[in-house]
Every structure is written in C-alpha cells, then in structure tokens.
Amino acid sequence: MPANLTPQYHAAEEAFRNATTVEEKIAALEEMLAVIPKHKGTEKLQADIKRRLARLREEGQKKASLSRHDPFHVEKQGAGQVALVGYPNSGKSALVGVLTRARVKVADYPFTTTVPFSGMMPYEETYIQLVDTPPITAEGFPPGLAGLLRNADALLLVIDSCVGDCLDQLENSLRLLTERKIVRSEIPPGVRAVPPHRLIVVANKAEQPEGEENLSLLQELLPPHLEILPVSAATGLNLEQLKTRLFSALEVIRIFTRSPGKEPDLTRPFILPRGSNVLDLAGNIHKDFVKTLRGARIWGSARFPGQSVPKEYVLQDKDIVELLV
1301 MPANLTPQYH
1311 AAEEAFRNAT
1321 TVEEKIAALE
1331 EMLAVIPKHK
1341 GTEKLQADIK
1351 RRLARLREEG
1361 QKKASLSRHD
1371 PFHVEKQGAG
1381 QVALVGYPNS
1391 GKSALVGVLT
1401 RARVKVADYP
1411 FTTTVPFSGM
1421 MPYEETYIQL
1431 VDTPPITAEG
1441 FPPGLAGLLR
1451 NADALLLVID
1461 SCVGDCLDQL
1471 ENSLRLLTER
1481 KIVRSEIPPG
1491 VRAVPPHRLI
1501 VVANKAEQPE
1511 GEENLSLLQE
1521 LLPPHLEILP
1531 VSAATGLNLE
1541 QLKTRLFSAL
1551 EVIRIFTRSP
1561 GKEPDLTRPF
1571 ILPRGSNVLD
1581 LAGNIHKDFV
1591 KTLRGARIWG
1601 SARFPGQSVP
1611 KEYVLQDKDI
1621 VELLV
C-alpha cells in the first residue's frame, strides 16, 4: 500500500533535516508522527519515527545529566507545572513573585528574565509549580523555550493590558503557540503539547485605567473557547480566582489516605490525574499493593461514609481512602 504522505508531513521531514539541536529534531519528529496518515502503508514508517524519537529523547536526557546546567530543563514538582509566557514587561515575574513568594528579579526594563525560574504556589493542601520564562516577541521564542512550554502541564499567557500594543501581544502570542505546535487541539500519542483548555489567559495590570479600557477589546480578540481574566500583581486583583483556575486546568485530584482505626492525614494528599481509580492510587503508593488490593473504603464521594467499593471505583477530588489489601 502506498504511503501517500501529505505536504504537512514533507514539511516536518524537511524541518527535521534542517534541525541543528536535539530539541529541534525531537519537535520535528513529533510533528511527523502527528501528521503522518494512519494506515497500513505507513505502519513501518510510524514505527521508525517512534524508534528515532525514543533514541533522541534518551540522548537528550543523557546530555542533560552530563551537562552541569541545562537552564531550560525544569524538573516538575507539586501538583503540576504551569509555565508563564508573555512579552517583555508583561508582568510575568511580578505574578510569580506575589503568588509564590519566590525572590524573582523584577525591573522596569525589558528582558529581565533570561533563564527560567520556578517557585511553588500554595493552593489549599498542595502546591503548584509556576515557571517564569524569558519573554517572547512577535518574531518568536528564545532558543530552548518551546521545548519547556511543550513539557508543561498548563500554560499561563500574560498580557500587559496597559500598553498600546496589547492586542498585538495577544494575537502574536496565540499565533506563535499554535504555529509552533505548543498548543494543539489533537495531541497524538507520543507528541508533547498543551491542549487549548489548559491555556489560561490573564490581562495583567488591570487595576490601571488603561487596563480597564483595553479589557473589552482583548476579550473580543480571543477565540470563543478562551476567556481572559483581569488580574493585578500589584493589588492582588483576582489572584485567588487565578489560583483556582490554574488548579482546575491541571486536571488532577487530591486524595487523602487513612489506616484502619486511625484519622486521615489531611495535610499531604496524593496527586492523581482526574479519572483515576482506587487501583491507580494503590500503585502510586506502592507497586506491591496492586497485587494484593481487594478494594477500598471511601469517605467523600461515596453514597455513605466508609462505603466499601471495588478497586475500579473512580475517585473524586478530596476523597479519603482506606485501602483493603
């Protein structure tokens, strides 16, 4: 059967041939895998792409471990990793500083942030990792930034609502995130990207008169599935609402555990993807529990406190679970 490869595939293949770094080669292979026609005639080619991807990712990890410092590799921590993206002086660093209390460098001149910097934002019983990144421009991303953004669990796009080019900031930022395949509606297996519902857009400095005037214009430019939240790092406007939106975008649940006859520890939840079941929790605690697990008792989403449920029972946020092994 002929492969019938598309122009999009050939463009991605050309990008792979022209790539000069491991990250660029990985991104091009991921795009080839995403756009290749899925039928019997391309099965061997798909397998070859997957093998090359695995080899390059392993090579990239080895280089990162051998290198004394890879500034664009930020190890994930907490309930999830949210990368902030935006133009120079949009207020990304100020937001990270006020939300995490991390000692970020904030200045009035552009390009203050030259390498990624992370801090932990407290949210109820857990923490969310916020990563401040070097600014983008209409021309594109700093080298290495696209890979960091693709690996993030969610993105926070920060727009300076007070400047005259705020509409250009929004339009160009969304265009770049889409063109670089960082945000994509369909994410094939093995491809790194962020789905659109995990992109949060905020209009920073909204406490100023210019910000209030521009807010409605920014909202009109947004695609229908997105909503812009006015915030202020200076006054704290809507920052609590922003925390809730970021947690929701991560699509995770917090699960507390208890031992028979003891009170649960409500300070250190297990973090699981939304839709996880009792068996998933058991494997997260200890792999041996998966073999011996009989079920669980649930407080929270169950019909009554302490209800016995099977190991396939789907957990809900803030459930308390006692495993039966």
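In this note's numbering, the protein residues as written are 1301 to 1625. Beta carbons: idealized from backbone N, C-alpha and C, even for Gly.
- Separation of L1305 and A1312 (C-alpha to C-alpha, rounded to the nearest whole angstrom) is 11 Å.
- A1452 places its beta carbon 8 Å or farther from that of Q1541.
- The straight-line gap separating the alpha-carbon atoms of N1577 and I1555 is approximately 11 Å.
- Apart from sequence neighbours up to five positions away, the residues of its chain that approach L1517 with a beta-carbon distance below 7 Å are L1467, ordered along the chain.
- Here P1371 carries a coil assignment [DSSP, helix/strand/coil].
- Around the CB of D1432, 16 or more other CB atoms lie within 10 Å, so the residue is classed as buried.
- For T1342, the three-state secondary structure derived from DSSP is helix.
- In the structure shown, I1428 adopts extended strand secondary structure according to DSSP, grouped into three states.
- G1600 sits in coil when the DSSP states are folded into three classes, being neither helix nor strand.
- Under the three-state reduction of DSSP, F1547 is assigned to helix.
- Per DSSP, the continuous alpha helix (DSSP H) segment holding G1583 begins and ends at 1578–1585.
- P1489 counts as exposed, since fewer than 16 other C-beta atoms from the protein chains shown sit within 10 angstroms of its C-beta.
- Restricting attention to V1621, T1592, S1559, L1395, the CA atom closest to the CA of F1604 is found in V1621.
- A contact is defined here as three or more CB-CB pairs under 8 Å, and the region 1437–1455 meets this definition with respect to the region 1477–1493.
- In this structure V1458 touches N1504 by the C-beta definition: roughly 5 Å separates them, less than 8 Å.
- Rounded to the nearest angstrom, the Cβ distance from A1534 to S1461 is 12 Å, too far for a contact under 8 Å.
- If you draw a straight line from the Cα of K1376 to the Cα of A1383, it comes to about 11 Å.
- Taking C-beta separations shorter than 7 Å and ignoring five residues to either side along the sequence, the partners of Y1427 in its chain run G1378, A1379, M1420, M1421, following chain order.
- Rounded to whole angstroms, the Cβ separation of P1416 and V1374 is 5 Å, and the two are in contact under 8 Å.
- With respect to V1552, R1568 sits apart: the two C-beta atoms are not nearer than 8 Å.
- The beta strand (DSSP E) runs lying completely inside the region 1473–1509 and spanning 3 residues or more are 1499–1504, given in chain order.
- For L1456, the CB contacts under 6 Å within the same chain, skipping 5 residues up- and downstream, are V1382, L1384, I1500 in chain order.
- Cβ contact annotation for N1472 (same chain, cutoff 7 Å, sequence separation greater than five): A1438, in chain order.
- A1319 and V1398 have their C-alpha atoms roughly 39 Å apart.
- Between V1491 and A1334, the beta carbon gap of about 5 Å places them in contact (Cβ cut-off 8 Å).
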